[in-house]
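Heads up, the sequence shown is in our numbering, so the first residue is 552 and it goes up one at a time. Even for Gly, the Cβ is constructed at its ideal location relative to N, Cα and C.
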Amino acid sequence: MVIILIIGGSSSQKLAAKVSKELDDYLCPVETRKFPDGERYIRFKDEIEKEVTVIQSTAFPQDESYMELFFMLKNLKDLGAEEIKVVIPYFGYGRQELRFKPGEAISAQTIAELLEFAGATELFSVNFHESSVKDFFNIPVNELSAMPPIAEYIKSNIEEPVIIAPDKGALHHAQAITSILNTKCDYMEKVRLSPDMVETNVKSLDVDGENTVIIDDIISTGGTIVNAVNILKNHNAKSVTVSCVHPVLVGDAVLKIFATGVKNIISTDTISSETNMISIAPLIANAIK
Numbered sequence: 552m553v554i555i556l557i558i559g560g561s562s563s564q565k566l567a568a569k570v571s572k573e574l575d576d577y578l579c580p581v582e583t584r585k586f587p588d589g590e591r592y593i594r595f596k597d598e599i600e601k602e603v604t605v606i607q608s609t610a611f612p613q614d615e616s617y618m619e620l621f622f623m624l625k626n627l628k629d630l631g632a633e634e635i636k637v638v639i640p641y642f643g644y645g646r647q648e649l650r651f652k653p654g655e656a657i658s659a660q661t662i663a664e665l666l667e668f669a670g671a672t673e674l675f676s677v678n679f680h681e682s683s684v685k686d687f688f689n690i691p692v693n694e695l696s697a698m699p700p701i702a703e704y705i706k707s708n709i710e711e712p713v714i715i716a717p718d719k720g721a722l723h724h725a726q727a728i729t730s731i732l733n734t735k736c737d738y739m740e741k742v743r744l745s746p747d748m749v750e751t752n753v754k755s756l757d758v759d760g761e762n763t764v765i766i767d768d769i770i771s772t773g774g775t776i777v778n779a780v781n782i783l784k785n786h787n788a789k790s791v792t793v794s795c796v797h798p799v800l801v802g803d804a805v806l807k808i809f810a811t812g813v814k815n816i817i818s819t820d821t822i823s824s825e826t827n828m829i830s831i832a833p834l835i836a837n838a839i840k
């Protein structure tokens, strides 16, 4: 019988434990700490097997999470691991996949190269913000979709939901959920009324009296979501629920969103948050087993 060790980094220990339980595999104890000067210490407290899966999300503090991950991967390779699957539920630095202005660093490419150098042999992540990030890797990359578990949660908790994307860029997420639930969806569209005036509205659906659900991949500052909620309220939506895959939620984002009168904020546990209502542990377990 092949033993596959599951190793959870500091940012994903609870998720790693859930994945380990799903797979009935062994969760390797890891000692991670900081020295007084901020440098990190990593020690695996058990023997390393040939096949290992490391789970580490890379939201804030991104730099620390990645440095810890690089140390773990290189250490595993040095200790004899031959197959090192890396699960990065939220792929930090994934939004800088192009050089938008002259002289900019292409951060996503650098991260990809460092992961491979450190020892990753296969990568799993959940809903890249830009799928083109996969092109930077020479190892197999598996992009998992959290839309099915989000759809199941919506189905169980919201009656006759109407799915709304806060902009056209998130429409494919709304459509993915709609295809599962067989319900209606739409997106917010900006219309320029004059050279200095722009109005945002639901493109075509009438949301009057509807239970609406906003879906996006990432909620960061919450500004886009607050705008979308206010528009739905102005169009007499019966209720507004906010949902996302990755709850980055910096600063007072949660407070700002709830202040609009939303029914709830729901997210997956790619990033640990008070909004976690949906676990992606079964999704990850199914992908790596």
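Under the three-state reduction of DSSP, Lys741 is assigned to strand. By the Cβ rule, the stretch 773-793 counts as touching the stretch 808-819, because three or more pairs are nearer than 8 Å.
A residue is called buried when at least 16 other Cβ atoms come within 10 angstroms of its Cβ; Thr792 meets this threshold and is buried. If one requires a minimum length of 3 residues, the beta strand (DSSP E) runs lying completely within the stretch 754-817 are 762-770 and 790-798, in chain order. Comparing C-alpha distances from Tyr738 to each of Ala727, Leu756 and Ala716 shows the shortest one belongs to Ala716. Within the stretch 704-736, the complete alpha helix (DSSP H) segments of 4 residues or longer fall at 722-732, listed in chain order. At a Cβ-Cβ threshold of 8 Å, Ile635 and Val677 do not count as neighbours.
Straight-line measurement puts the Cα of Lys754 at about 16 Å from the Cα of Thr734.
Of Phe675, Glu703, Pro712 and Phe622, the smallest CA-CA separation from Glu694 is found for Phe675. In this structure, the CA atom of Tyr617 is about 42 Å from the CA atom of Asn785. In the DSSP assignment, Lys636 falls within the unbroken beta strand (DSSP E) covering Glu634 to Ile639.
Setting aside the 5 residues that flank it on each side, Ile701 is surrounded in the same chain by Ile728, Ile766, Ser794, Val796, Ile817, Thr819 and Ile829, each with a C-beta closer than 8 Å to its C-beta; the list follows chain order.
In this structure, the beta-carbon distance from Thr609 to Ile593 does not fall below 8 Å. Taking every protein chain shown into account, the CB of Glu655 has fewer than 16 other CB atoms within 10 angstroms, so this residue is exposed.
C-alpha of Glu573 to C-alpha of Tyr641: approximately 20 Å in a straight line. Taken in chain order, the unbroken stretches of alpha helix (DSSP H) that lie wholly in the stretch 629-698 and span 4 residues or more are 658-669. Between Val637 and Leu624, the C-beta spacing is below 8 Å. In terms of CA proximity to Asp629, Glu600 leads the group Ser790, Glu600 and Ile657. Exclusion of the five residues before and after Ala832 leaves Leu566, Lys569, Val570, Lys572, Glu573 and Asp820 as the residues of its chain whose Cβ lies within less than 8 Å of its Cβ. Taking Asn626 as the centre and dropping the five residues before and after it, the same chain places the C-beta of Ile593 and Phe595 closer than 8 Å to its C-beta, in chain order. Per DSSP, Glu573 lies in no beta strand (DSSP E); the unbroken alpha helix (DSSP H) holding it starts and ends at Gln564 to Leu574.
Beta-bridge partners assigned by DSSP to Asn752: Glu740. Inter-residue distance for Val713 and Asn827 is about 21 Å (C-alpha atoms, whole angstroms). Of the residues assessed, Glu761 falls on the buried side of the cut-off, its CB having 16 or more other CB atoms within 10 angstroms. With fewer than 16 other Cβ atoms from the protein chains shown falling within 10 Å of its own Cβ, Asp588 counts as exposed.
Residue environment: Ser707 is assigned as exposed (fewer than 16 neighbouring CB atoms within 10 Å of its CB, all protein chains considered). With respect to Phe688, Glu710 sits apart: the two C-beta atoms are not nearer than 8 Å. Assignment of beta-bridge partners to Gly559 by DSSP yields Ile606.
If you look at Ile835, you'll find it isn't in any beta strand (DSSP E); it sits in the alpha helix (DSSP H) that goes Ala832 to Ile839. Inclusion of Gly773 and Ile822 in the CB contact set at 8 Å is not warranted, their separation being larger than that value.
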